[in-house]
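In this note's numbering, the protein residues as written are 1 to 323. Idealized CB from N, CA, C, for every residue including glycine. Being a predicted model, the structure only gives us computed values, none of them experimental. The block underneath contains the structure these notes are about, expressed in structure tokens.
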Ligand SMILES: C[S@@+](CC[C@H](N)C(=O)[O-])C[C@H]1O[C@@H](n2cnc3c(N)ncnc32)[C@H](O)[C@@H]1O
């Protein structure tokens, strides 16, 4: 993408260098709220725990932010089908308990009419991050608009995990490149593609280190109309490459900036469980995407509790959106 770079630099009376970078319009803070639906609902939270419905299952997991008292009675909590016990830190190991009856590893779920599998994993993750559905909806609308205009849309989904975003984009008509370092996660994503009946859709499943992949794509001068990155705080590539968000994110955002096509529509960054504000994500995106025009929107993804006004924040986000 052409940058309308006309950076001027001057030093002020105190000799401080002022580089007047172009900044995209800023919309921050923005709270993207996910309301309960038949697919997923936050039913209650409190005492360091959260109770959620995933498809037909009510599930309890640790939630360090839930500093308050639960609103629902203990009998509702005690009726949960699955409980994850482990330390409260997001990455902490633990184990699943099924107090009512033994459960299979997977169970049916759906978003809109995209069918996929919920999954008990060794960490506390459940094969999907429902709070991302605001991103999915946003992306779906933008891709569909382009397809209606008779144009193609190329999406790059980095740290793509079980591929819900990739399936949403492919169903909307995009050519998708899905990158994740975990062979297991790629296998689960392919299984979701089959479960959703989207096996004919053009999705490239790539098991690779996200930084290495993007560096190669930049060298090849490949570009994308939409980018998603949802990195963990800490991760490993298939060849042992280390990913550390606080060290590697600026370079990664720089690479994604270079992968934008001239007609790019969006670049969405989500970050979980890091000791940082959305302003840190916002300023990082402004520094790299500020000269692309458009808008940079940043804030938090939150879940609204069913039948309650309580909200639970899940992650930070920052997205560059073209005009
Ligand atoms: C939090 S999950 C992403 C969730 C996903 N965006 C979603 O919405 O379902 C983080 C993913 O990053 C992957 N990962 C960790 N380190 C990586 C690396 N260096 N390169 C690529 N993927 C990596 C993990 O395998 C995991 O699937």
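Could you please go through the chain and list the residues whose beta-carbon is closer than 5 Å to any non-hydrogen atom of ligand 1?
-> 129, 132, 159, 161, 180, 181, 182, 185, 209, 210, 230, 232, 235, 237 and 243
Cβ atoms of residue 131 and residue 249: under 9 Å apart, would you say?
-> Taking the first residue of the chain shown as position 1, residue 249 is located at position 249. Taking the first residue of the chain shown as position 1, residue 131 is located at position 131. Taking 9 Å as the Cβ cut-off, residue 249 and residue 131 do not qualify as a contacting pair.
In or out: residue 314 buried (at least 16 other Cβ within 10 Å) or exposed?
-> For the purposes of this step, residue 314 is taken as the residue at position 314 of the chain shown. Looking at its Cβ environment, which holds 16 or more other Cβ atoms inside 10 Å, residue 314 is buried.
Coarse secondary structure for residue 50, derived from DSSP in three states | Here residue 50 corresponds to residue number 50 of the chain shown, with the count starting at 1. Strand.
Between the segment 129-146 and the segment 193-208, do three or more beta carbon pairs fall short of 8 Å?
-> no
Under 9 Å, do residue 226 and residue 159 count as touching if we go by C-beta distance?
-> Looking up residue 226 in the chain shown gives position 226. Looking up residue 159 in the chain shown gives position 159. Not a contact, by the Cβ cut-off of 9 Å.
Determine, using beta carbons only, whether residue 169 and residue 176 come nearer to each other than 9 Å.
-> Translated into positions along the chain shown, residue 169 becomes position 169. Translated into positions along the chain shown, residue 176 becomes position 176. A contact, by the Cβ cut-off of 9 Å.
Any chance the segment 244-261 sits against the segment 210-226, with 3 or more Cβ pairs inside 8 Å?
-> yes
Should residue 306 and residue 61 be called a contact, given that it needs their Cβ atoms to be closer than 9 Å?
-> Sequence index remark: in the chain shown, residue 306 carries index 306 (1-based). Sequence index remark: in the chain shown, residue 61 carries index 61 (1-based). No; because the gap between Cβ atoms is not below 9 Å, this pair is not in contact.
What are the complete beta strand (DSSP E) segments, minimum 3 residues, inside the segment 237-288?
-> 242-244 and 266-272
The beta strand (DSSP E) spanning residue 62 covers which residue range?
-> Mapped onto the chain shown, residue 62 falls at position 62. First-last of the beta strand (DSSP E) with residue 62: 57-62.
In or out: residue 123 buried (at least 16 other Cβ within 10 Å) or exposed?
-> Position 123 of the chain shown, counted from the first residue, corresponds to residue 123. Exposed, because fewer than 16 other Cβ atoms sit within 10 Å of the Cβ of residue 123.
Measure from the alpha carbon of residue 103 to the alpha carbon of each residue in 145, 165 and 57, then state which is nearest.
-> In the chain shown, counting from the first residue as 1, residue 103 sits at position 103. Ranking 145, 165 and 57 by Cα distance to residue 103 puts 57 first.
Evaluate residue 288 with the Cβ neighbour count: other Cβ atoms within 10 Å of its Cβ, from every protein chain shown; 16 or more gives buried, anything less gives exposed.
-> Position 288 of the chain shown, counted from the first residue, corresponds to residue 288. Per the 10 Å Cβ criterion, buried.
Within the chosen definition, does the segment 59-76 reach the segment 37-50 through at least 3 CB pairs nearer than 8 Å?
-> yes
Measure from the alpha carbon of residue 253 to the alpha carbon of each residue in 235, 239, 318 and 84, then state which is nearest.
-> Translated into positions along the chain shown, residue 253 becomes position 253. The residue with the shortest Cα to Cα distance from residue 253 is 318.
Three-state secondary structure (DSSP) of residue 164 | Sequence index remark: in the chain shown, residue 164 carries index 164 (1-based). Residue 164: helix per DSSP, three-state reduction.
Taking just the CA atoms, how far does residue 82 sit from residue 23?
-> Numbered from 1 along the chain shown, position 23 holds the residue referred to as residue 23. Numbered from 1 along the chain shown, position 82 holds the residue referred to as residue 82. Spanning the two alpha carbons is a distance of roughly 47 Å.
Between the CA atoms of residue 291 and residue 5 - distance to the nearest angstrom = The residue given as residue 5 occupies position 5 in the chain shown. The residue given as residue 291 occupies position 291 in the chain shown. Reliability of the predicted coordinates at residue 5 is poor, the pLDDT of 44 falling under 50, and the value obtained from them is presented with this limitation in mind. Cα-Cα distance, rounded: 6 Å.
C-alpha gap between residue 230 and residue 186, whole angstroms = For the purposes of this step, residue 230 is taken as the residue at position 230 of the chain shown. For the purposes of this step, residue 186 is taken as the residue at position 186 of the chain shown. The alpha-carbon atoms of residue 230 and residue 186 are separated by roughly 15 Å.
So what's residue 39 in DSSP terms, helix, strand or just coil?
-> Position 39 of the chain shown, counting from 1, holds the residue named residue 39. Three-state DSSP puts residue 39 in coil, outside helix and strand.
Residue 3 in three-state terms, based on DSSP = As a first step, residue 3 must be located in the chain shown, where it is residue number 3. Only weak support exists for where residue 3 lies, its pLDDT of 46 falling under 50; the value from the coordinates is given anyway. In this structure, residue 3 counts as coil in the three-state DSSP scheme.
Does the distance from the CB of residue 350 to the CB of residue 27 come in under 9 Å?
-> Lying before the first or after the last residue shown, residue 350 is absent from the chain, which here runs from 1 to 323.
Reduced DSSP secondary structure (H/G/I, E/B, other) of residue 68 = Within the chain shown, numbered from 1, the residue matching residue 68 stands at position 68. Here residue 68 sits in coil by DSSP.
In chain order, what residues of the same chain lie with their CB nearer than 6 Å to the CB of residue 106, ignoring the 5 residues before and after it?
-> For the purposes of this step, residue 106 is taken as the residue at position 106 of the chain shown. So the list reads 117 and 119, once near-sequence residues are dropped.
Nearest-angstrom Cα distance between residue 184 and residue 35?
-> Here residue 184 refers to the residue found at position 184 of the chain shown. Here residue 35 refers to the residue found at position 35 of the chain shown. For residue 184 and residue 35, the distance between alpha carbons rounds to 30 Å.
Alpha-carbon spacing of residue 200 relative to residue 316, whole angstroms | For the purposes of this step, residue 200 is identified with residue 200 of the chain shown, where counting begins at 1. For the purposes of this step, residue 316 is identified with residue 316 of the chain shown, where counting begins at 1. One C-alpha to the other measures close to 33 Å.
Host beta strand (DSSP E) of residue 121 (start-end) | The residue labelled residue 121 in the question sits at position 121 within the chain shown. That residue, residue 121, is in no beta strand (DSSP E); it is neither H nor E in DSSP.
Do residue 47 and residue 66 have their C-beta atoms within less than 9 Å of each other?
-> Reading the chain shown from its first residue, position 47 is the one you call residue 47. Reading the chain shown from its first residue, position 66 is the one you call residue 66. Cβ atoms of residue 47 and residue 66: closer than 9 Å.
How big is the Cα-Cα spacing for residue 20 and residue 32?
-> Numbered from 1 along the chain shown, position 20 holds the residue referred to as residue 20. Numbered from 1 along the chain shown, position 32 holds the residue referred to as residue 32. Bear in mind that a pLDDT of 49 at residue 20, under 50, signals an unreliable position, so the number given afterwards is only what the model happens to contain. If you take the alpha carbons of residue 20 and residue 32, they lie about 31 Å apart.
In its own chain, which residues sit with a C-beta less than 6 Å from the C-beta of residue 3, not counting the 5 before and 5 after it?
-> Along the chain shown, one-based indexing puts residue 3 at 3. For residue 3, the predicted model reports a pLDDT of 46, less than 50, meaning its position is unreliable and no value from the coordinates is stated.
Could you tell me if residue 181 is buried or exposed, where buried requires 16 or more neighbouring beta carbons within 10 angstroms of its beta carbon?
-> Your numbering for residue 181 matches position 181 in the chain shown. By the 10 Å Cβ count, residue 181 comes out buried.
Return the bridge partner residues of residue 109 from the DSSP annotation.
-> Start at 1 with the first residue of the chain shown, and residue 109 comes out as number 109. Partner(s): 116.
Looking at the structure shown, is residue 29 part of a helix, part of a strand, or coil, going by DSSP?
-> Translated into the one-based positions of the chain shown, residue 29 becomes position 29. Strand at residue 29.
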